[in-house]
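Chains as they are written, first to last, in my numbering: chain A, 181 to 970; chain B, 61 to 328.
What follows is a short report on a single structure.
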Amino acid sequence: MTDYKARLTFDGLSDDEVRGLLKGLGIQLTPGEARQLVELLGREPTLSEAHLFNIMWSEHCSYKSSRKLLGRHLPTDGPNVLLGPAEDAGIVRFCEHEGVEYGVVFAHESHNHPSQVVPYEGAATGVGGIVRDVYCMGAEVFAVLDPLRLGDPTGPRGTRSAEVAAGVVDGIGGYGNPLGVPNLGGDAYFSQRFDDNCLVNVVALGLVRADGIIHSRVPAEAAREPYVYVLVGKATDDSGFGGAAFASVDLDEEEENRGAVQVPDPFLSRVLTEANKAAWAWLRRRGAAFGMKDLGAGGIACATSEMAADVGMGADVHLDRVPVSIDGLPPFVVACSETQERYMYAVPARLAEDFCAIFNRDWELGQTAVGAAATVIGEIVAEDRYRLLYRGEETEEVPVCSVSTRAITHGVYHERPRRAGSTRIHTERKRPDAGWGEILRGMLGSPGGASRYPIFKRYDSEVRGLTVLRPGEADAGVVAPLPGCPTGVAVSVDGNPRYGDIDPYLGAFFAVYEAARNVACVGARPAAITDCLNYGNPEQADIFWQFAEGLRGIGDACRALGLIEDPEAALPVISGNVSFYNQSAKGVAVPPSPIIACVGIVDDVRRAVPAYLTEPGLELLFVGRRGPELGGSLYYESVYGESAGRLPDLEADRWRRELGAVVEFISAGHAVACHDISDGGLALALTEMTLGTYLSTGVGLRANLHDLHAGSAAALLFNETPAYLLAVPKGSGGEAVRFLRARGLEAARIGSAVEERRLVIRYGEHYLINESLDELRELWLHGLDGVFGV
Amino acid sequence: MPTVAVLAFPGTNCEYESARACRSVGLDAEIVRWNQPARLRTADAFLIAGGFSFEDRVRAGAIAAKEAVLDEVAAAADAGKPVLGICNGAQVLLESGLVPGLTAGHPIEMALDANEHGYLCRWCHVKTHHPESCLFTTRFTEGEVWPLPLAHAEGRFTTRDPLTLERALDTGQGVLRYVTPDGGDEPGYPYNPNGTLADLAGLRNPAGNVLALMPHPERAAWLWQLPAYLPGDWGGRRRDVSIRTEMNTAGPGRKIFLSLADYLGVEN
């Protein structure tokens, strides 16, 4: 059917017939939703309207399964929140510098399905989309990070998984590097559970003046003077048409959805970034209020309707004025395609011509990419009426689309049934035959424990010249985004899929705490988090239960941890993303994977510390407790190939106290290094501190764990109960222990860095680990060479 | 105050930190768009900043080298004004024939080819040779080894004619060469990160007023920009940074800009 104005009739059709009709048109609305649309419009929808609502009512755009639960569980406000999760990105207070107040803007997205199908383009456009979300708040983007959950390159489908992994990493670098945004890190898990459906999440951070925040809506001034919509960026094509709907279906339909993958152009994105800044300055000099939004899911239709609906206004959008790079596109494709590198502005009509000239003349957009331009494509109207027009249809009763603005942005909601799944608990395990040293070597040489240098060497982590702690240096990346100002931003991303698999509530709780702990390890106060919630099909009751448990875990963790500077406040969730339908062709869902990004504020970057030991003589302190649990551990996975079992207990009060004291200790300048204990337990954490980096050769260590108790040698070495390792200058260990104990913490001196290039871990007189540092380093440095090259 | 024109083409992405590094040594720095050649005429020096000008179409730097604005730069270079190209800027200087500049009329004599092992971002060490022969290196001592980061996919100095390279090296144009962290020559991968001929990191023109430099001195111009894991003296200094260290304390890359300031008569 090509007549875009043809009316769709559902009257007298059975649900199956409606489903068949819609499927034939490439529309995923359910029969119920289709009938709801007829009711909403008061008439039969046009083909174009059906496509439009297909996108607006997709899971991706409408959060139709998730939004009530999100609102119920997550604390989104706080004394330091400048903007919660209402627009393209949230904003948290950063600092005041030379009389100006600044905020950190950040947002979190997934690009899972596109990255599985075409890894390079999928991952690249994921970066592109998230940075536009941050730019369009009026910010300067200063960092991206990428949490990756990839297939197992050593598994039965390892060849394809390695291809996907390498393509994803190249795509992330291929976009971020030309754009000139440093990559501050990320994390990577490899598991067969992600062979069919990798998770590629992306986080972007930006700096904004508090008085320079640009909102994703038409300004109120549009009620008093004529405003127009200006579309800026790449010429529209059919790429990504239905991308939002694509993200909301199972991947077994991937073959027919290849068209839903977008094409990245970081070069144009870079030019647009500079041109936008010039355009903002120009508008501000004229005192003109304006609004701006990134074009993402649902393209022009979604942006123009949401920007107007937010202030109770409407719009006439002329689709025949949109610059296109392909002739003959149906108007609903022009309206809804997800062509990348585009923004929508709402500006005063009187300034529109000169405004467009900034892009078209000063920055020569047309020379940058064929057909790229700034173009007036619509008028904002002061009534609740939204129309998409094409070729002079203003006079017709029903053009491409004509609805109430509110109706178009009023999403559907589905109550999903939930059914508690089993949490995967204990299995008796035989003590392994291998020695502890051999097990440790196995971890270091495997994808799970190997150095991430082969990944981050492909990313520019230095561009902009503001990076303080780069990937591989510390538990969190640190940047000093305001030149000349010592206040820094720390950021870490976390979420252990093994934990989610065992218990979706605890998995989410641990993800929040680990992200906050990593930020604390560089000496930063956790300020806010974002969440990207990756789950299977929400229409399945057990999956929806996992999702609900995850939200409950995130909310509880945020309230339990709070803010260091305000004991009453919760750690706020200021933006996020929900990604459902992450499952294989056979319908097996990925492990419940809430991925958390935590942003922290470093009072002075000169005191931010790395995670590695730099010279012999440094003393090492253990802060916290060990426990007997090994469920979800890297140890179980390495030795037994799977990791079911009991997770470490929640001890939120103690954790909160520890985190506060560690931040106080580091920001007072007492520490030279800090590393948290997580995957691989105490043994891997100690090892990582000694191994150095790609350029430094590390330093030997002698540790004795006789002051610690875990119930077994395996638990002592590999239990993953959260805790910290702090390094302090020679001779100051005793004083450091007193400092920490005075704050109610358990702390013990467990060893020192030594000249001899060996890693020695003892328990009393008994040697647990006694390995050559250089041999461990070789394994660790090259454990991922097979996937990413030398 | 002398002014450095920092050139930005479509796709340039290091113009701000490059301008900051110039300002840190008392120079004025103005970011100039590629389509504003008239604004260059009053500049006292030129810096072509890093990035991906014109999307690296054809070859990195090749399109920018054909822009009218480069005629202005070439005329200024011929008149002896300082011209520094960093990373993509270095690629532009080779593609426009300003470096190595052995023959009059600026024919293209060398190019920067794809790295042997793909895109790479890491810290490297370079050794300074004949620092007095180039106005951008006068603050360094002969044989000085210093760290700075690199981030590129095409940084391998190459030429069709081996004699070209020989002539350039014979006259000391290879002022900066990759070495091991402790100063060892002919270091091999990954210390020579891309397989570049003669371990070249920075190549000047015969007159010494134009320098094409692949690694990024503007990312090593402040001490706090350095990673604490750097081996040697600079790593030690970085590890000693404390709250008492001035934020403005210089890193090794600052000397490139100080040398320029000396030449332009600005005291530091």
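The beta carbon of each residue, even a glycine, is placed where N, CA and C say it ideally should be.
Taking the Cα of residue 403 of chain A as reference, the smallest distance to any Cα among A/773, A/960, A/259 and A/560 is reached at A/560. The segment 311–323 of chain A makes contact with the segment 380–400 of chain A; the number of CB pairs closer than 8 Å reaches 3 or more. Residue 265 of chain A is positioned such that its CB atom lies closer than 8 Å to that of residue 753 of chain A. Per DSSP, the beta bridge partners of residue 569 of chain A are A/498. For a cut-off of 8 Å, the C-beta gap from residue 695 of chain A to residue 777 of chain A is around 6 Å, short enough to register as a contact. As the crow flies, the alpha-carbon of residue 459 of chain A is around 18 Å from that of residue 72 of chain B. Going by DSSP, residue 589 of chain A is part of the alpha helix (DSSP H) stretching over 585–589. The beta strand (DSSP E) runs of length 3 or more contained entirely in the segment 525–571 of chain A are, from start to end of the chain, 553–561 and 566–569. Per DSSP, residue 233 of chain A is one residue of the alpha helix (DSSP H) stretching across 227–236. Interface residue (Cβ-Cβ distance to chain B less than 8 Å): residue 814 of chain A is not classified as such. Cβ contact annotation for residue 267 of chain A (same chain, cutoff 6 Å, sequence separation greater than five): 396, in chain order. Judged by DSSP secondary structure, residue 226 of chain B falls outside any beta strand (DSSP E) and instead within the alpha helix (DSSP H) spanning 222–230. In the DSSP assignment, no residue is bridged to residue 792 of chain A. In the three-state scheme derived from DSSP, where H, G and I count as helix and E and B as strand, residue 296 of chain A is classed as helix. In the structure shown, residue 348 of chain A adopts helical secondary structure according to DSSP, grouped into three states. Residue pairing by DSSP leaves residue 699 of chain A without any beta bridge partner. For residue 763 of chain A, the three-state secondary structure derived from DSSP is strand.
When DSSP assignments are scanned along the segment 698–737 of chain A, the uninterrupted stretches of beta strand (DSSP E) that are 3 or more residues long and fall wholly within it turn out to be 705–714. Assignment of residue 187 of chain B by DSSP, reduced to helix, strand and coil, places it in the strand class.
Contact between the segment 188–202 of chain B and the segment 263–278 of chain B is present: three or more C-beta pairs spanning the two stretches fall below 8 Å. One alpha carbon belongs to residue 310 of chain A, the other to residue 289 of chain A, and they sit about 6 Å apart. Cβ-Cβ separation between residue 680 of chain A and residue 279 of chain B: approximately 38 Å, too far for a contact (criterion under 8 Å). The C-beta of residue 151 of chain B comes no closer than 8 Å to any C-beta of chain A.
Between residue 238 of chain B and residue 159 of chain B, the C-beta gap is not smaller than 8 Å, which leaves the two residues out of contact.
The C-beta of residue 112 of chain B comes closer than 8 Å to at least one C-beta of chain A.
For the 8 Å CB-CB criterion, residue 847 of chain A and residue 746 of chain A do not form a contact. One alpha carbon belongs to residue 279 of chain A, the other to residue 456 of chain A, and they sit about 25 Å apart. At a C-beta separation below 8 Å, residue 241 of chain B has these neighbours in chain A: 875.
Among the residues facing chain B, residue 194 of chain A is not included, as its CB has no counterpart in that chain under 8 Å away.
With 16 or more neighbouring CB atoms inside 10 Å of its own CB, residue 585 of chain A falls in the buried class. Going by beta carbons, residue 552 of chain A and residue 463 of chain A fall outside the 8 Å limit. In the three-state scheme derived from DSSP, where H, G and I count as helix and E and B as strand, residue 197 of chain A is classed as helix. Here residue 78 of chain B carries a helix assignment [DSSP, helix/strand/coil]. A Cβ of chain A is located within less than 8 Å of the beta carbon of residue 209 of chain B. When C-alpha distances from residue 477 of chain A are compared across A/825, A/287, A/240 and A/763, the shortest belongs to A/240. The C-beta of residue 183 of chain B comes closer than 8 Å to at least one C-beta of chain A.
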